[in-house]
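What follows is one structure encoded as structure tokens, with my remarks underneath.
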Amino acid sequence: MHEGAIARSLLNIAHHHFLKAELQEVAKVTVIIGRLHHIVPEVLELHFDLLKKDLAGFEQAALEIEQKEVVIRCRNCHQTTLLKDVSFACPHCASLDTELIQGDELYLASIEGVEGA
Amino acid sequence: MSPKEIKIMQKILNLNDQIATDLQKELRKRGIVFINLMSSPGSGKTRLLERTAEQLNSRIFVIEGDIQTTLDSERLARAGIGVYQINTGPFGGDCHLEAGWIRTALSEINLAGIEFLFVENIGNLVCPAEFDLGAHINAVVLSVTEGEDKPLKYPLAFRTSQLCLISKLDLLPHLELDLELMKANIRKINPAIRIIELSSQTGQGLKEWLDFLAACRRG
């Protein structure tokens, strides 16, 4: 249940930018999460919704989660593969010499809101 | 009153990561090797630390992470090991440690003469892998009783570790485990990972583990 800690951190950063931009309220918070992370979107949303109630300006904010598939590139045959299961071996040449090029993201992408008067 | 989008693109755990980076640098400067032990509950982390301390004596210190109870830290203290207990509970406590916990612990610990700082993370193969503690070595402990498939089921812990300790090797004759398949599954997740097979019960593999630690210190 680390989604609580993730929700707390992302709201802290979002709040900092909310104050800096002098927004009146936030309508949407967008995060990008790679599938390599063990994060259940519904649980993250649940924690986000619980925490936002006590954060002025975020009471009506919706959480948008953009998920990134896990993609590897093989250093042997140079093919790029979107992984369907968790084996990091190259499905084309079976090489284990692969690099992760997508799927490890854990970012606060943006906040969308209404500017103050 | 106009809608406005503010691009941020910042790592959600950047505060944790910054503290972790600072801890790593600080401990390296002091010549202390920092090892984060992660595993499911009951894989033999505490027993391995007891056996490790038999050889390294007062040169190791353990930060013990549990949701509740001080059972493990009492065990380690009885073995003469310097230990600091973190309880994240008692109820609904965090299922992982974060770098901030370690920073607080270190502010209260005297590390004079210590060469190896271990964190025994909370027994959980999922959440601890998400939080960088600043360890020089992330080590995942996997006991032979857990089955060949666990690396595939909990990939992040194996992906973020540089070392995998396969523990309880003495139980192999009683199990139907395919050890080669277990190792192949570990390498499917992390081809570069170092694997050490050991038994705290019989002492098998402990020399390789201690040699590994010594090499880290020279490192």
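Heads up: the sequence lines are chains V and W, in that order.
Count the first sequence with the working numbering and you get residues 1 to 117, in order.
Count the second sequence with the working numbering and you get residues 1001 to 1219, in order.
Ideal placement from N, C-alpha and C gives every residue a C-beta, glycine not left out.
Please read these numbers as outputs of a predicted model, since none were measured by experiment.
Residue environment, V:Val40, which counts as buried when at least 16 other CB atoms sit within 10 Å:
In the first sequence, residue 40 of chain V corresponds to position 40, counting from 1. Exposed: under 16 other Cβ atoms inside 10 Å.
Within 10 Å of its beta-carbon, does V:Asn76 have 16 or more other beta-carbons around it, so buried, or fewer, so exposed?
Position 76 of the first sequence, counted from the start, is the residue given in the question as residue 76 of chain V. By the 10 Å Cβ count, V:Asn76 comes out exposed.
Roughly how far, in whole angstroms, is the beta-carbon of W:Phe1270 from the beta-carbon of W:Asn1110, given that I think they are within contact range, below 8 Å?
Here chain W covers residues 1001 to 1219 and nothing more, so residue 1270 of chain W does not appear.
Using the three-state DSSP reduction, which class does V:Arg75 fall into: helix, strand or coil?
Along the first sequence, read from residue 1 onward, the residue named residue 75 of chain V stands at position 75. Looking at V:Arg75 - three-state DSSP - the assignment turns out to be coil, as it is neither helix nor strand.
With W:Glu1115 and W:Val1062 assumed to form a contact (beta carbons below 8 Å), what rounded beta-carbon distance in angstroms separates them?
As a working note, residue 1115 of chain W is residue 115 in the second sequence. As a working note, residue 1062 of chain W is residue 62 in the second sequence. W:Glu1115 to W:Val1062, Cβ: 13 Å. No contact.
Going straight from the alpha carbon of W:Val1119 to that of W:Asp1066, what length do you get?
For the purposes of this step, residue 1119 of chain W is taken as the residue at position 119 of the second sequence. For the purposes of this step, residue 1066 of chain W is taken as the residue at position 66 of the second sequence. W:Val1119 and W:Asp1066: Cα-Cα distance of roughly 11 Å.
Rounded to whole angstroms, what's the CA-CA distance from W:Arg1103 to W:Leu1097? Just pull it up for me.
Position 103 of the second sequence, counting from 1, holds the residue named residue 1103 of chain W. Position 97 of the second sequence, counting from 1, holds the residue named residue 1097 of chain W. Rounded to the nearest angstrom, the two C-alpha atoms are 11 Å apart.
Could you give the distance in angstroms between the alpha-carbon of V:Asp104 and the alpha-carbon of W:Asn1124?
Along the first sequence, one-based indexing puts residue 104 of chain V at 104. Along the second sequence, one-based indexing puts residue 1124 of chain W at 124. V:Asp104 and W:Asn1124: Cα-Cα distance of roughly 20 Å.
Specify, as a first and last residue, the run of the beta strand (DSSP E) that V:Val26 falls within.
For the purposes of this step, residue 26 of chain V is taken as residue 26 along the first sequence, with counting starting at 1. Unbroken beta strand (DSSP E) run through V:Val26: 23-34.
DSSP three-state label for W:Leu1037, please.
Counted from its first residue, the second sequence places residue 1037 of chain W at position 37. Note: W:Leu1037 maps to strand in three-state DSSP.
V:Val26 and V:Tyr107 closer than 8 Å at C-beta
Taking the first residue of the first sequence as position 1, residue 26 of chain V is located at position 26. Taking the first residue of the first sequence as position 1, residue 107 of chain V is located at position 107. No.
List, in chain order, every chain V residue whose beta-carbon is nearer than 9 Å to that of W:Glu1130.
Counting from 1 along the second sequence, the entry for residue 1130 of chain W is found at position 130. Near W:Glu1130 (Cβ distances below 9 Å), the residues of chain V are His2, Ala5, Ile6, His37, His38, Ile39, Leu106.
N-terminal and C-terminal residue of the beta strand (DSSP E) that W:Phe1118 is part of:
To locate residue 1118 of chain W, count along the second sequence from 1; it is residue 118. Element bounds for W:Phe1118: 1116-1120.
Looking only at C-alpha atoms, which of V:Ile111, V:Leu83, V:Leu44 sits nearest to W:Ile1006?
Looking up residue 1006 of chain W in the second sequence gives position 6. Here the closest residue by C-alpha is V:Ile111.
Members of the segment 1079-1104 of chain W that neighbour chain V once the beta carbon cut-off is set at 9 Å
Gly1092, Asp1094, Cys1095, His1096, Glu1098
How many Å lie between W:His1174 and W:Thr1145 at the Cα?
Numbered from its first residue, the second sequence carries residue 1174 of chain W at position 174. Numbered from its first residue, the second sequence carries residue 1145 of chain W at position 145. For W:His1174 and W:Thr1145, the distance between alpha carbons rounds to 10 Å.
For chain V, find out if any of its Cβ atoms is closer than 8 Å to the Cβ of W:Lys1004; answer yes or no.
One-based indexing of the second sequence puts residue 1004 of chain W at position 4. Chain V contact via Cβ: present.
Closer than 8 Å, CB to CB, is W:Ile1012 near chain V or not?
Counted from its first residue, the second sequence places residue 1012 of chain W at position 12. So, interface residue.
Examine chain W for any beta-carbon lying closer than 8 Å to the beta-carbon of V:Asp97, and answer yes or no.
Numbered from its first residue, the first sequence carries residue 97 of chain V at position 97. Taking Cβ atoms only, chain W reaches closer than 8 Å to V:Asp97, which makes this a yes.
What span of residues does the beta strand (DSSP E) with W:Asp1066 cover, start to end?
Walking along the second sequence from the start, residue 1066 of chain W turns up at place 66. From DSSP, the beta strand (DSSP E) with W:Asp1066 extends over 1060-1066.
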